[in-house]
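Note sheet for the following structure.
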Amino acid sequence: MANMEELHMAASAYYRNASNELRQRATEFFNSMDTNGDGGVSFNEFVQFFVQNGYNRVDPNLFRGLDRNGDGFLDFFEVLTFYYIFKTRGVWCDYCRIGLMGLYFTCVACFDNAGGNTYDLCSTCYEARRHQQRHPPHHNYFLDSYVLLRAKAGLPLLAGAPNVWCDYCRIGLMGRLYFTCVACFDNAGGNTYDLCSTCYEARRHQQQHPHHNYFLDSYVLLRAKAGLPLLAGAPNLQQALVPRCAPNTPQQRRWTAFQALEMALSVGNLAAQLGCSIM
């Protein structure tokens, strides 16, 4: 199950492997949220980002979860984690509506014919067989997100044992968020190249795997393979951020920085391959 620390690690790993241009855009986005320029984003600044851009409420637990040291401010990497969560964690349990940050279950038939939608359940609702109440009765074959990703790569599943290890440090990746080489995944032939967040952040693939350097984390890769947009969790973000005020207001600066960051992301190699990208 992905926890906040694991999400911090994933966001940091993406950043460490980003281009200098993309890093600069991320810095500009952080500065646009830090409206008073004191080097940290306060809860009020965090709330203003949402309120001024069309959102009615902000869950204070999100801010507290992002604020690792509890000092009441979000530093650069904590804001980066917020951006990563906001852009990628757009999946909810279709029964109880809880956000699905970690392992969850997906209807395989719906996944294979997603057309913009999948049918996903948290572990609790799947265990209670709640899909039988709201889902077509002939759609009763579900896989958890970990197993489904391996199945889509055409890899054998070893029942009862983790069958994925970090290809650098050899730590087991069962139940963890990890990074996969997209080119190897698409041409697995029985093998993928996978790294834990620590090894990907340290760019250790450059020593063993220098010719393939485009990676996605396991959560994002599964959504991409279903043909789903990464901003599915925040459908009104870009519309809400369209400037409605005079130039050089905090809202205008936030929109300009966000637009620049999104534009920089969109020119990555994966945009051509999968139609999506993430820092």
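Here full-length UniProt numbering is used: the first residue of the sequence shown is 1, the next is one more, and so on.
Using N, Cα and C, we set each Cβ at its ideal position, and we do this for glycine too.
Being a predicted model, the structure only gives us computed values, none of them experimental.
Query, Result
"Distance, Cα to Cα, aspartate 194 vs threonine 35?", "39 Å"
"Once the 5 residues before and after alanine 183 are set aside, which same chain residues still bring their CB inside 6 Å of it?", "His212"
"Is it a yes or a no for the stretch 132-139 touching the stretch 103-119, going by three-plus beta-carbon pairs under 8 Å?", "yes"
"In chain order, what residues of the same chain have a beta carbon less than 7 Å from the beta carbon of cysteine 41, not counting five sequence neighbours either side?", "It is valine, not cysteine, that sits at residue 41 in the sequence shown. Excluding positions up to five away in sequence, the list reads Met33, Asp34, Phe73, Leu74 and Val79."
"Pick helix, strand or coil for valine 41, following the three-state DSSP scheme.", "strand"
"Span of the alpha helix (DSSP H) holding threonine 27?", "20-33"
"Considering only the alpha carbon of each residue, which of Gly39, Cys199 and Cys125 lies closest to tyrosine 14?", "Cys199"
"Within its chain, find whatever has a CB closer than 7 Å to the CB of leucine 100; leave out the 5 residues flanking it on each side and keep chain order.", "Val91, Trp92, Cys93, Asp120 and Cys122"
"Within 10 angstroms of its Cβ, does aspartate 167 collect 16 or more other Cβ (buried), or is it exposed?", "buried"
"How many angstroms separate the CA atom of cysteine 131 from the CA atom of aspartate 144?", "Per the sequence presented here, residue 131 reads as histidine, with cysteine not at that position. Approximately 14 Å, taken between the alpha carbons."
"Assuming glycine 172 and tryptophan 165 make a contact with CB atoms under 8 Å, what is their CB distance in whole Å?", "6 Å"
"Quick check on aspartate 112: buried or exposed, where buried means 16 or more other Cβ atoms within 10 Å of its Cβ?", "exposed"
"What are the residues that DSSP puts in a beta bridge with aspartate 194?", "Thr180"
"Between which two residues does the alpha helix (DSSP H) containing cysteine 125 stretch?", "123-127"
"Near valine 242, what residues of its chain come up, given a Cβ to Cβ distance below 6 Å and the 5 sequence neighbours on each side ignored?", "The pLDDT assigned to valine 242 is 32, lower than 50, so where the model puts this residue is not dependable; a value taken from the coordinates is nonetheless given after this. Excluding residues within five positions, none has a Cβ falling inside 6 Å."
"Classify proline 162 as helix, strand or coil using the three-state DSSP reduction.", "Annotation note: pLDDT 47 at proline 162 (below 50); position unreliable, no value reported."
"Looking only at its chain, what residues have a beta carbon closer than 8 Å to the beta carbon of phenylalanine 142, apart from the 5 residues adjacent to it on each side?", "Phe105, Thr106, Cys107, Val108, Leu121, Tyr126 and His131"
"Note down the Cα distance separating arginine 150 from glycine 227, rounded to an integer number of angstroms.", "17 Å"
"Within a Cβ cutoff of 7 Å, which residues of the same chain sit near leucine 177, ignoring the five residues on either side of it in sequence?", "Ala2, Glu6, Ala10, Ser197, Asp217, Ser218 and Tyr219"
"Hey, phenylalanine 215 and phenylalanine 185: beta-carbon distance below 7 Å or not?", "no"
"Please list the terminal residues of the continuous alpha helix (DSSP H) segment that includes residue 280.", "One cannot answer for residue 280 here, as it falls past the ends of the chain, which runs 1 to 279."
"Are the CB atoms of phenylalanine 29 and phenylalanine 43 within a distance shorter than 7 Å?", "no"
"Report the partner residues of phenylalanine 73 according to the DSSP bridge assignment.", "Ser42"
"Given leucine 221, which residues of its chain have a CB within under 8 Å of its CB, disregarding the five upstream and five downstream residues?", "Leu149, Thr180, Val182 and Phe185"
"Considering aspartate 144, what are the terminal residues of the alpha helix (DSSP H) in which it resides?", "From DSSP, aspartate 144 is part of no alpha helix (DSSP H) but of the beta strand (DSSP E) over 142-144."
"Does DSSP put glycine 65 in a helix, in a strand, or in coil?", "helix"
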